Structure formats: structure tokens, C-alpha cells
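Chains F and E supply the protein sequences, listed in that same order.
58 is the number of the first residue of the first sequence in the working numbering; add one for each residue after it.
58 is the number of the first residue of the second sequence in the working numbering; add one for each residue after it.
Just so it is clear, CB atoms sit at the ideal spot from N, CA and C, and this is done for glycine as well.
All of these numbers come straight from a predicted model, not from anything done at the bench.
Have a look at the structure below, then the notes.
There are 2 protein chains.
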Amino acid sequence: MSSPKSTNKVASGHLYKYSFTSSSLGGLETNINVFVPSSSSSSSSSSKVPVLYYLSGLTCTEDNAAQKGGFFNAAADAGVAIVFPDTSPRGAKIDGEDDSYDFGSGAGFYLNATKQPWSKHYNMYDYITKELPAKVDQLGLGIDTSRASIFGHSMGGHGALTLYLRNPGQYRSCSAFSPICNPTACPWGEKAFKGYLQNPADEASQYDATLLVSSLSPAERPLDILIDSGTADDFYKQNQLLPEHFQNAVRERGYDDQRVQVRLQDGYDHSYYFISTFAPEHIKWHAKFLHN
Amino acid sequence: MSSPKSTNKVASGHLYKYSFTSSSLGGLETNINVFVPSSSSSSSSSSKVPVLYYLSGLTCTEDNAAQKGGFFNAAADAGVAIVFPDTSPRGAKIDGEDDSYDFGSGAGFYLNATKQPWSKHYNMYDYITKELPAKVDQLGLGIDTSRASIFGHSMGGHGALTLYLRNPGQYRSCSAFSPICNPTACPWGEKAFKGYLQNPADEASQYDATLLVSSLSPAERPLDILIDSGTADDFYKQNQLLPEHFQNAVRERGYDDQRVQVRLQDGYDHSYYFISTFAPEHIKWHAKFLHN
């Protein structure tokens, strides 16, 4: 894994693509893209840069947000690395794996599957939270994985929120574009949980940001969250995203609107045009925590 | 053409896609993307915004640079519209039209073909310089097409340079990422000119930026040009781009390096990662001329 499959210079830094075999994903090969700003140095720990994990949405790979997200000039200015994993295992050879856009390949939902035949490979939760940081450490790219934050889009926004909420201390801040905020209450989440989990009624709540936050309190678990969702987003209109459910839940628990911000952005849709508009602001917001 | 096929809000403005029948392209349907910043107003001529035409490279459509170029936040800040045309006619039903990536579909080379059977449809030069500005005027989007500049990438950089050089007064400034600077002396240009032009030996010089600039002088024809090309660009290494030929030609004619800048950017390749790195700087540079 020490030699990248490809390298592109961008924003004075470099974007590297790596392939490696993932034990969390049952021994399948997986790809990541890693942006490293020019300010990083692997030789001195004081000049290592902090890292942002970006989780993509349904149908995406590690490439889409790297190509269309508009993150790199802002990340270079902020002195922050960005790691883009894939959205699911690939090539598990499970019947029906490639049949729908919202389940199976490209749709790992950042959970650990408990249902056969998915449970051997579909363990994106373990992959992102445990295996990936260790892999990034091994790259020797001057990235300090002890200073990490997480963000994502749509299904990846769901991933970012749930991983952040469930792992205190692992991520300093969490942001999301158009996240699926309450997956147990929307068609995408219901389908995924029914398909991946043996007992969705018991297991799904640990993968639902709105339910997770409902048992937290600002005194015991301070949160720093920034959510942007567009009002012209068809999936928002179809009640797949439900940002209001999350907003109501955090308010009920007494979280401050300044530290847990849920913003509805007028007229924006679900596309990378929306992401790229607010990408620099999200990077800058995370950098405050990562350089603190 | 008054109703867009699609609309996406981006960078507080909007990206519209339109389809229309082009007479220059022999009656074929063609698509454009148009970014309009929120600062524009169609109701008052004083608040109309100037326009940048972006010409894409081989294999691209009107979409690639809109999705991957990273232009819109900078264009919004600068108060500049951007028009993205396609790179060739589509669906002319000419034998071999879709056979190679560097000739025919996706490879119009921004010229008027004189050779059969291409000459009926492959007239991108007339389309971009004459028909497109009139179409943009008709859209009623608050764009002032009398204040225009032009830029592009690779084959589109060739297009931007040659259209700028041949049409004094039409474009205020010209910039290019990795342009084909001397197409009569490189394989891409030789193939295109031989294929599209009846007498390449006579006709090709009018489509070659290095040859065109060799007959100009700073006193009679002041130029404002910004070129960026990457040293790790495989096509640069294969002598498809030849920026040094253009640089030498402008210096020989006595042009000032400050107003005609040819910059080699260390380590960058031919990709959109390169374009997106320098996109904000190009937009800002053009805005000086467009708002003057």
C-alpha cells in the first residue's frame, strides 16, 4: 500500500489514490483518495496536518467528491488533509449486490451488516472508524490522524453524523451536506436496515443520528455539528433527509443552535453544485477545531 | 430556447442548461450551460453582468468543466457569467464521426471545416464567435455580451487563443489551461487540419495561435493573455501543447511578459485538478478587464 496507484498535483498539494485489501470488508480490495496539502511534512511531527474524512453518498465511489466537490483550494489554505473512502465494498459477489442504486454496491450505509450474506463484507462502520485511520497512518504522508473530523453528503452525511455521535473523542467536529438524518423513518434507511440487519427493530437505532442524539446531553457530550440541506432537493421533498427531525431532537436535548447548526439553504438541490458552493465554508469551519 | 432543460442553484447564482438548433452546426441540436451570478439583473442594463466563454477540450461536453472546473464561487465573487458550449456538433451521422477521441464528435477544434462531408456541420468557429453570443442575448438572463472574454482547456485553449487573436474587439482578454499552442506542429492539430480542411497547407495557419501571433505587433494589437501549463502533463511531454513556441513568438513580436503571460506550473498534469487549482485566479484576472 505504500505506492499510490495515481498521483495528481492539486492546489499546491497532492491527491493520491491507493488500493489495499481490507480485513473489515472481508478481504476485498478497496480504494481511497487522499489529499495532502503542501504544508504537511512526514519528517517532523509538529508539521503534520490534521485530517478530514469525507463520506460520499449513494452510487458514488472515492472519486466523485474529489473531482466535483471543490474542496482542495480551501483545504490547502486551511492546512488540512482529506481522505475519501469508497461507499461500500466492491465485488463481494453476492446475488443482487448490483441490482439497485440504494442497496449493495455503492450503498454500504456506513454500518456493520449482521444479516447473511452481507455480514462478511458489508462492514463499512468498522472500516471507516478503525481500519482506515490505521491505514492512513501507515502511508507516511505527514497526516496526524489523532486530529480528525468527519463530513459527508446524503448517505455519507448519515455516516458522518452517526460515526461522530457514537465515537466520542475520535472526531472533533462533524458536518454534512444534505444528510439522511433519521434513516429509521425514511424509505432509504428502512430498505437498508431491513436488508443489512438481522433485527432491524433492535439494531437500527444505533445507525440513526436523530435517535442517537436523543439520548445525549450537552453537559455530558458537547457536540459541534454543521448541517446544510437545500430546500429544492427532491430527496428532501420526498422526506428521505428529514433535517427537521434532527434539529428538533438536538433542541429538545438542550443543544445550542450555535454549536449544532442545521441550516436550510434556499433553492439548492442535492447535487455537487450544492456541495461545492458550501465546501470552502465547511472546510474552514472544521479547521477551527482541527487546529485548536 | 427560453426555457432551460435544467436549473441548478450554485454559488448563490444559477446554472442553466439549454438546448437549441444551431444553424452554424447545420441544423443540429446543441447544448450549453450558462452560469449566472446572483448579482445579475435582466431588468436594468446597468446591472447586467459580463460574460466569459469557456471552451472545453477533447472528449468533453458542456458539462465537464461546469462539474469539475471549480469556477462558480470565484465567478459569483467576481460578478461574471460563464457560458460553456459543447466541443463539437453531435449526431451529424458522418461515417467515422465517433471512431476516435481526437477527431469528429467531441473534437470540433473550433474551426470551420471546408472538407466534405464535415463542412456542413463542423463549424464551431462560426458557432462560438457569431451564433452563440446572439443566443445568449436572447436568453434574457441579464448578461451583457458586449463585455466578453474567453478561456479554455487544451483543445479549448487553442480555441480561446485563436478566436481571441482573430477577432479584435470581441473578447477583452484570453486565458488558457494547457492549450494546444501550435497545432500545425503537433499530431493532434495535424490530424484535425488534414481531416477538416480541404487545403490544410493554406488554411491551417488561421487556426494556429503561434502563427497568428507572429503577424501581430503590440502597437497595433495589444494583447492580454494568461496561459498556464503543467510540467507533469503527458501531452506537454509529447509535444502536443508547445507553449514555448507561443512564448517565443510573442516575445519575438515584442509583447510584454506582464500582459502576455505564459507560465509553466511545476508538477501539474492535464486534468481538471490542474484547472480547478488555477480557476479562481483566471476568473479574477478576467474580471479586471470585464469590469473595466
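Counting along the chain, T334 of chain E sits inside the alpha helix (DSSP H) bounded by residues Y329 to L347. Rounded to whole angstroms, the separation of the alpha carbons of G287 of chain F and G252 of chain F is 28 angstroms. For E260 of chain E, the CB contacts under 7 angstroms within the same chain, skipping 5 residues up- and downstream, are T171 and L254 in chain order. By the C-beta criterion, the region 210-224 of chain F is judged to be in contact with the region 152-168 of chain F, since at least 3 inter-stretch pairs fall below 8 angstroms. Between the region 149-162 of chain F and the region 176-185 of chain F there are three or more inter-stretch CB-CB distances shorter than 8 angstroms, so the stretches are counted as touching. In the pairwise beta carbon analysis, the region 61-68 of chain F is classified as touching the region 315-329 of chain E: at least three pairs are separated by under 8 angstroms. Using a Cβ-Cβ cut-off of 7 angstroms, A68 of chain F counts as an interface residue toward chain E, since at least one Cβ of chain E sits closer than that to its own.
Along the region 236-323 of chain F, the beta strand (DSSP E) occurs as fully enclosed runs of 3 or more residues at 282-287 and 317-322, listed in sequence order. I200 of chain F is bridged by DSSP to F:V106.
Under a criterion of Cβ atoms nearer than 7 angstroms, no residue of chain E is adjacent to A242 of chain F; the nearest Cβ is some 27 angstroms distant.
For the region 115-136 of chain F, residues whose beta-carbon sits nearer than 8 angstroms to a beta-carbon of chain E comprise Q124, K125, G127, F129 and N130.
Closer than 7 angstroms to the CB of G324 of chain E there is at least one CB belonging to chain F. Closest in alpha carbon position to V270 of chain F, among F:S113, F:A306, F:W245 and F:N88, is F:A306. When the beta-carbon positions are compared, V140 of chain E and V193 of chain E come within less than 7 angstroms of each other. Taking 7 angstroms as the threshold, the shortest C-beta distance from N90 of chain F to chain E does not fall below it. Put simply, of E:P94, E:F92, E:F77 and E:V93 the residue whose alpha carbon is nearest the alpha carbon of E86 of chain E is E:F77. Under the DSSP assignment, A135 of chain E falls outside any beta strand (DSSP E), being part of the alpha helix (DSSP H) whose first and last residues are F129 to A135. According to the DSSP assignment, P142 of chain F belongs to the beta strand (DSSP E) that extends over A138 to P142.
Contact between the region 189-204 of chain F and the region 237-245 of chain F is not established, with fewer than three Cβ pairs separated by less than 8 angstroms.
Here H348 of chain F is exposed: its Cβ has fewer than 16 other Cβ atoms, across all protein chains shown, within 10 Å. Counting only residues of its own chain and dropping the five nearest sequence neighbours on each side, D314 of chain F has a CB closer than 8 angstroms to the CB of R308. Contact of S63 of chain F with chain E is not assigned, every C-beta pair being separated by 7 angstroms or more. By the Cβ neighbour-count rule, S162 of chain E is buried, with 16 or more other Cβ atoms within 10 Å of its own. In the displayed model, L85 of chain F falls within a strand according to three-state DSSP. Between S328 of chain E and chain F, the shortest Cβ-Cβ separation is below 7 angstroms. Shown here for S95 of chain F: same chain residues with a beta carbon closer than 6 angstroms to its own, the five before and five after excluded, namely S69 and G70 in chain order. Within chain F, no residue has its beta carbon less than 8 angstroms from that of L298 of chain E; the closest one is some 17 angstroms off.
The Cβ atoms of V108 of chain F and A138 of chain F sit closer than 7 angstroms to each other.
The beta carbon of V93 of chain E sits closer than 6 angstroms to those of G70, H71, A138 and L198, all from its chain and outside the five residues before and after it, given in chain order. Within the model, the alpha-carbon separation for S145 of chain E versus E188 of chain E is close to 14 angstroms. The beta carbon of Y228 of chain F sits closer than 6 angstroms to those of A205, S206, I207 and Y221, all from its chain and outside the five residues before and after it, given in chain order. Contacts with chain E at 7 angstroms (Cβ-Cβ) include T334 of chain F. Of all residues in the region 287-311 of chain F, only A289 come within less than 7 angstroms of chain E when Cβ atoms are compared, listed by chain position. In terms of Cβ geometry, F335 of chain E and D285 of chain E form a close pair [threshold 7 angstroms]. The contact set of P337 of chain E on chain F, defined by CB atoms closer than 7 angstroms, consists of N130 in chain order.
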